[in-house]
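> This is the structure I want to talk about, given as structure tokens.
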Amino acid sequence: MPSKKFLKNYPVCLFFLFIALWIILAVKPVSRFDWLLENVVVFLFVPFIVWTYYRARLSNTSYTLITIFMLIHIIGAHYT
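Numbers 592 to 671, taken from my numbering, label the letters of the sequence shown in order.
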């Protein structure tokens, strides 16, 4: 069973994992213009999620599903 401290910081861990993978996938995408266009969603949505983390926290399951969705999105943006 994970510790309570880890569970409390779980969304923060997901955020740093997402940022690390986003940076890796930002290197040499197939089309830089398409990558920028498709990442508009990321540029708008991630700050919103960070803002809501401090205002109205969601469940860890919600943060996990949002992170999975955004990871699939940035992987698709890299290879488009």
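Heads up, the beta-carbon is just placed ideally off N, CA and C, and yes, glycines get one too. Everything numeric in this text was worked out from a predicted model, so none of it was measured.
Closest by CA to Lys599, which one among Leu649, Ile663, Val621?
Nearest C-alpha to Lys599: Leu649.
> Of all the alpha helix (DSSP H) runs that stay within the bounds of the segment 603-630, which reach a length of 4 or more residues?
Counting only runs of 4 or more, we get 623-629.
> Where do the N-terminal and C-terminal ends of the alpha helix (DSSP H) with Leu662 fall, by residue?
Taken as a continuous stretch (DSSP letters only), the alpha helix (DSSP H) holding Leu662 covers 651-670.
> By alpha-carbon positions, which one of Val621, Ile614, Leu656 ends up nearest to Phe634?
Ranking Val621, Ile614, Leu656 by Cα distance to Phe634 puts Ile614 first.
> Can you give me the C-alpha to C-alpha distance between Ile610 and Tyr644, rounded to a whole angstrom?
Straight-line Cα distance between these residues: approximately 16 Å.
> Arg648 by DSSP, collapsed to three states: which one?
Coil, per DSSP.
> Note down the Cα distance separating Ile640 from Glu629, rounded to an integer number of angstroms.
For Ile640 and Glu629, the distance between alpha carbons rounds to 18 Å.
> Taking the alpha-carbon positions, what's the Thr621 to Thr655 distance?
Here residue 621 is Val; the residue named in the question, Thr, does not match the sequence. About 27 Å.
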